[in-house]
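Chains as they are written, first to last, in the working numbering: chain A, 2 to 395; chain B, 194 to 557.
Quick look at the structure:
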């Protein structure tokens, strides 16, 4: 039975996250925007929280009749929106909740989860010559005795300075294309593993982003994620692509959260100036500002419902890669458009660093880029609905 | 509980309506549009599904089922997927029946509902829209003035579907600054039905301008409303209905363009293989989905007994904007062929223009 209203427990969760974002993140938002690369000590309180949990693979019940409709993904998009409303940089800088931790939870072995479960894991995919075309990556991993030896360079690694270890994607056999790609857990102190630099970014300055080089970097043989022999061909790369089905709705929700922050602020400022949205007005009787405002609200709600649907499908074990990309395509673009329109409506208040609107615009811009650009999302949606392969629709 | 899944009942109903639309409407909608007429048996076939009177108690001729705006939204999307004019015509009596049922006195319900809640489709209509610049359903220019136990109505109405064919009207008018509905008999003096309108779209739906010239209606024919249902709520329900219709029209355009792009060969391969085409189609797909979810969200709130003024307004606004965008893309994908009337995308585009403009054409 269709019902698009949140249940009471999710509403309560949403409310709790909002209070948290408002009281913990919002007050230090500007501080770390200005102190780029400085680790926000305030985040340490979150380290002990149990962000991810999972049953040991060996303990998994064979009985598939157990209820599968959890709410992890719905809670993910809700918390993502609320926290990003507070400050999106901190959302991607929560200790022990990096993208590498997500990969560990989904693909790691029991032993790896035991060893790295309470560590902060970053994720390294992008290379200077492999952005959207991630399977073109050139970082290599060669087995040498009991070690893997890694060589190459990884850029745009979130939490590069703050993390304890990095999940690095590398090719074990370049001629095998994406089937040769595996993920490796690399401790920060591994020999030959160097943090080269931290980027200076337009936004999301409260979260660090760095470049790692690997020069004959040696890591234990067991550190291939999920085990080398056990991973069927394709699983390494495909496994990472599948994590996008859960992460894209969350990144969509992040963009929605930032845009909502801008919209809420704009609403407040409008109200102080006696412009109150009236949802009964006909389009002929509203001002340009009101029309803009209504359209932003509608687009935000549309993006939110798309992200909810994608997350709900993941919770209910339905294939959702089309919906996840739809949500990301819509929310990524609208996040940017709404935030910049708010800055426009706010006028000088939208430019001055006395207010947070300009920061939100800088923060949100990347959300139509990372976790797959808007164009990549369109490509995925189009291939799926047109039933075309990647060679037919390039 | 949050769910994007249809219940079994919702699925069965959707499939039943979809089958009817596929069997009767998809291949004939173009002819109906050209002829400016919908065959009565098609309307009757849709009427026999019973959706319009499902929630009306048996005492008044209905089926006494639970009222479900969500179900109504699902049905309207399917009907409009076939043809928007058909969707409006086939469910039009609801636009009279529902307000009377929800806002009427016991006497009004007893008198009027059985006339239309029966197996044979019996046209009755609703007059809300007004011609000229600046129409707003909350600021009606048609006025009702009380005089000696009657209301005297004066004003102009337009886009009144099946006005000439209907025995009864529900007329929206402002009385002392308050918007209300008045039940009028077609025989009533002062109701001047003009010749059929010729509009941008909905060719097969007969609509009329109706002039109200000192139209005297007995005071007991005013719908007074109550705390649960009033004029505003009817406008909200009609907004959600129009969002559902916009979703259906847009989906039709999206699917046609998608299939066309896979078959149309240029430069030695299907045009779907080109990103500029494929990305347009992807956008159409997620905007249709977004329109539907906005509609369902507002319908959910209505179904859960919540105030949906904001959500119905936003759903309608969104559907109005996006159905134009999607149907415009539909034409563009077909190129020059999209401009030729044999392909339905031009009809979808003309019809979609009404989504943002028309009020009171359907109700959830």
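Where is the CB? At the ideal position from N, CA and C, for every residue including glycine.
What you are looking at is a predicted structure, and each value in this text was computed from that prediction instead of being measured.
Check: Using the beta-carbon of each residue, which ones in chain A are nearer than 9 angstroms to residue 262 of chain B?
Finding: Mapped onto the second chain, residue 262 of chain B falls at position 69. What residue 262 of chain B touches in chain A: nothing, since even the nearest Cβ is about 11 angstroms away.
Next item on the list: Taking all protein chains shown into account, decide if residue 406 of chain B is buried (16 or more other Cβ within 10 angstroms of its Cβ) or exposed.
Entry: As a working mapping, residue 406 of chain B is identified with position 213 in the second chain. With fewer than 16 Cβ atoms within 10 Å of its Cβ, residue 406 of chain B is classed as exposed.
Margin query: Is residue 331 of chain A close to chain B? Criterion is C-beta to C-beta, closer than 8 angstroms.
Written below: Counted from its first residue, the first chain places residue 331 of chain A at position 330. Contact with chain B is found for residue 331 of chain A, since one of that chain's Cβ atoms lies less than 8 angstroms from the residue's Cβ.
Item checked: Endpoints, the beta strand (DSSP E) within which residue 210 of chain B is located -> Along the second chain, read from residue 1 onward, the residue named residue 210 of chain B stands at position 17. Residue 210 of chain B -> not in any beta strand (DSSP E); alpha helix (DSSP H) instead, spanning 201-213.
Margin query: Please report the distance separating the alpha-carbon of residue 143 of chain A from that of residue 368 of chain A.
Written below: Taking the first residue of the first chain as position 1, residue 143 of chain A is located at position 142. Taking the first residue of the first chain as position 1, residue 368 of chain A is located at position 367. If you take the alpha carbons of residue 143 of chain A and residue 368 of chain A, they lie about 34 angstroms apart.
Check: Among residues of its own chain, excluding the 5 on either side of residue 45 of chain A, which ones have a beta-carbon nearer than 8 angstroms to its beta-carbon?
Finding: As a position in the first chain, residue 45 of chain A is number 44, starting the count at 1. Only 96 meet the Cβ criterion.
Next item on the list: Could you have a look at residue 310 of chain A and say whether DSSP puts it in helix, strand or coil?
Entry: Locating residue 310 of chain A in the first chain gives position 309, where the first residue counts as 1. In the displayed model, residue 310 of chain A falls within a helix according to three-state DSSP.
Item checked: Host beta strand (DSSP E) of residue 215 of chain A (start-end) -> For this step, residue 215 of chain A is matched to residue 214 along the first chain. Here the beta strand (DSSP E) through residue 215 of chain A covers 210-221.
Next item on the list: With a 10 Å radius around its C-beta and 16 neighbouring C-beta atoms as the bar for buried, classify residue 251 of chain A as buried or exposed.
Entry: In the first chain, the residue the question calls residue 251 of chain A occupies position 250. It counts as buried.
Checklist line | chain A contact residues for residue 482 of chain B, given Cβ-Cβ distances below 7 angstroms | finding: Locating residue 482 of chain B in the second chain gives position 289, where the first residue counts as 1. Per Cβ cutoff of 7 angstroms: 307 and 327.
Checklist line | Within chain B, the residues that residue 81 of chain A reaches when beta carbons sit closer than 9 angstroms | finding: Locating residue 81 of chain A in the first chain gives position 80, where the first residue counts as 1. Chain-ordered listing is empty here: chain B has no CB closer than 9 angstroms to the CB of residue 81 of chain A, the nearest sitting near 16 angstroms.
Next item on the list: Within its chain, find whatever has a CB closer than 8 angstroms to the CB of residue 342 of chain A; leave out the 5 residues flanking it on each side and keep chain order.
Entry: By 1-based counting over the first chain, the position of residue 342 of chain A is 341. Taken in chain order, the residues that qualify are 293 and 297.
Item checked: Residue nearest to residue 285 of chain B in terms of C-alpha spacing, selected from B/259, B/244 and B/298 -> Here residue 285 of chain B is taken as the residue at index 92 of the second chain, counted from 1. Checking every option, the nearest Cα to that of residue 285 of chain B belongs to B/244.
Next item on the list: Run down chain B in chain order and give the residues with a C-beta less than 8 angstroms from the C-beta of residue 86 of chain A.
Entry: Indexing the first chain from 1 puts residue 86 of chain A at position 85. Within 8 angstroms Cβ-Cβ: nothing; residue 86 of chain A doesn't reach chain B, min ~19 angstroms.
Check: Which partner residues does residue 361 of chain B have in the DSSP bridge list?
Finding: Mapped onto the second chain, residue 361 of chain B falls at position 168. Partner(s): B/378.
Next item on the list: Select from the region 287-308 of chain A all residues with a C-beta closer than 8 angstroms to any C-beta belonging to chain B, and list them in chain order.
Entry: The region 287-308 of chain A vs chain B, Cβ under 8 angstroms: 295, 296, 298, 299, 300, 302, 303, 304, 306 and 307.
Checklist line | Cross-chain neighbours of residue 386 of chain A in chain B, by beta carbon under 8 angstroms | finding: As a working note, residue 386 of chain A is residue 385 in the first chain. Here the neighbours are 451, 474, 475 and 478.
Note to self: Distance cutoff 8 angstroms, beta carbons only. Does residue 133 of chain A sit that close to anything in chain B?
What the structure shows: Here residue 133 of chain A refers to the residue found at position 132 of the first chain. Output row for residue 133 of chain A: interface = no.
Note to self: Quick check: is any heavy atom of the ligand NAP less than 7 angstroms from the C-beta of residue 140 of chain A?
What the structure shows: You won't find the ligand NAP in this model; it holds no ligand whatsoever.
Notebook entry, point to check: How about residue 368 of chain B and residue 322 of chain B: do their beta carbons lie closer than 8 angstroms?
Noted result: Mapped onto the second chain, residue 368 of chain B falls at position 175. Mapped onto the second chain, residue 322 of chain B falls at position 129. No, the Cβ-Cβ distance between residue 368 of chain B and residue 322 of chain B is not below 8 angstroms.
Margin query: Between residue 471 of chain B and residue 307 of chain A, how many whole angstroms is the CB-CB distance? I'm expecting something under 8 angstroms.
Written below: The residue given as residue 471 of chain B occupies position 278 in the second chain. The residue given as residue 307 of chain A occupies position 306 in the first chain. With 8 angstroms as the limit, residue 471 of chain B and residue 307 of chain A do not qualify as a contact, their Cβ atoms being about 19 angstroms apart.
Next item on the list: Spell out a yes or no on whether the region 279-294 of chain A and the region 349-357 of chain A are touching, meaning 3 or more CB-CB pairs, one atom from each, closer than 8 angstroms.
Entry: Taking a cut-off of 8 angstroms for Cβ pairs, the region 279-294 of chain A and the region 349-357 of chain A do not touch, as fewer than three such pairs fall below it.
Notebook entry, point to check: Given that a residue counts as buried once 16 or more other Cβ atoms are within 10 Å of its Cβ, and exposed if not, what is residue 359 of chain A?
Noted result: Against the first chain, residue 359 of chain A aligns to sequence position 358. So residue 359 of chain A ends up on the buried side.
Item checked: Selected residue, minimal CA-CA separation from residue 18 of chain A, among A/381, A/38, A/76 and A/7 -> Walking along the first chain from the start, residue 18 of chain A turns up at place 17. Checking every option, the nearest Cα to that of residue 18 of chain A belongs to A/76.
Next item on the list: Compare the C-beta of residue 264 of chain A against all C-beta atoms of chain B and say whether one is closer than 8 angstroms.
Entry: Working through the first chain from its first residue, we reach residue 264 of chain A at position 263. Not one chain B Cβ lies under 8 angstroms of residue 264 of chain A.
Next item on the list: With residue 286 of chain A as the anchor, note down where its alpha helix (DSSP H) starts and where it stops.
Entry: As a first step, residue 286 of chain A must be located in the first chain, where it is residue number 285. Element bounds for residue 286 of chain A: n/a, residue is neither H nor E.
Checklist line | Close beta carbons around residue 356 of chain A, own chain, < 7 angstroms, minus the five adjacent residues each side | finding: Position 355 of the first chain, counted from the start, is the residue given in the question as residue 356 of chain A. Taken in chain order, the residues that qualify are 350.
Check: Hey, residue 557 of chain B and residue 198 of chain B are a contact pair by Cβ (cut 8 angstroms); roughly how many whole angstroms apart?
Finding: In the second chain, residue 557 of chain B corresponds to position 364, counting from 1. In the second chain, residue 198 of chain B corresponds to position 5, counting from 1. So it is not a contact: roughly 19 angstroms between Cβ atoms.
Note to self: Which of the three DSSP states is assigned to residue 131 of chain A in this structure?
What the structure shows: Residue mapping note: residue 131 of chain A aligns to position 130 of the first chain, counting from 1. In this structure, residue 131 of chain A counts as strand in the three-state DSSP scheme.
Next item on the list: Note down the Cα distance separating residue 479 of chain B from residue 467 of chain B, rounded to an integer number of angstroms.
Entry: Residue numbering aside, residue 479 of chain B sits at position 286 when the second chain is read from its first letter. Residue numbering aside, residue 467 of chain B sits at position 274 when the second chain is read from its first letter. Computed Cα separation, rounded: 19 angstroms.
Notebook entry, point to check: Between which two residues does the alpha helix (DSSP H) carrying residue 451 of chain B extend?
Noted result: Stepping through the second chain from its first residue, residue 451 of chain B is reached at position 258. Unbroken alpha helix (DSSP H) run through residue 451 of chain B: 424-456.
Check: Can you name the residues that DSSP bridges to residue 185 of chain A?
Finding: Here residue 185 of chain A refers to the residue found at position 184 of the first chain. Looking at the DSSP assignment, residue 185 of chain A forms a beta bridge with A/169 and A/225.
Checklist line | Same chain only: Cβ atoms within 6 angstroms of residue 63 of chain A, ignoring 5 sequence neighbours per side | finding: Position 62 of the first chain, counting from 1, holds the residue named residue 63 of chain A. In this prediction, residue 63 of chain A has a pLDDT of 49, which is less than 50 and means its spatial position is unreliable; what the coordinates show is noted afterwards. So the list is empty, once near-sequence residues are dropped.
Checklist line | At least three beta-carbon pairs within less than 8 angstroms, the region 256-266 of chain A to the region 84-100 of chain A | finding: yes
Next item on the list: Run down chain B in chain order and give the residues with a C-beta less than 9 angstroms from the C-beta of residue 75 of chain A.
Entry: Sequence index remark: in the first chain, residue 75 of chain A carries index 74 (1-based). Per Cβ cutoff of 9 angstroms: 195.
Item checked: Three-state class that DSSP yields for residue 393 of chain A in the structure shown -> The residue you call residue 393 of chain A lines up with position 392 of the first chain. Three-state DSSP puts residue 393 of chain A in coil, outside helix and strand.
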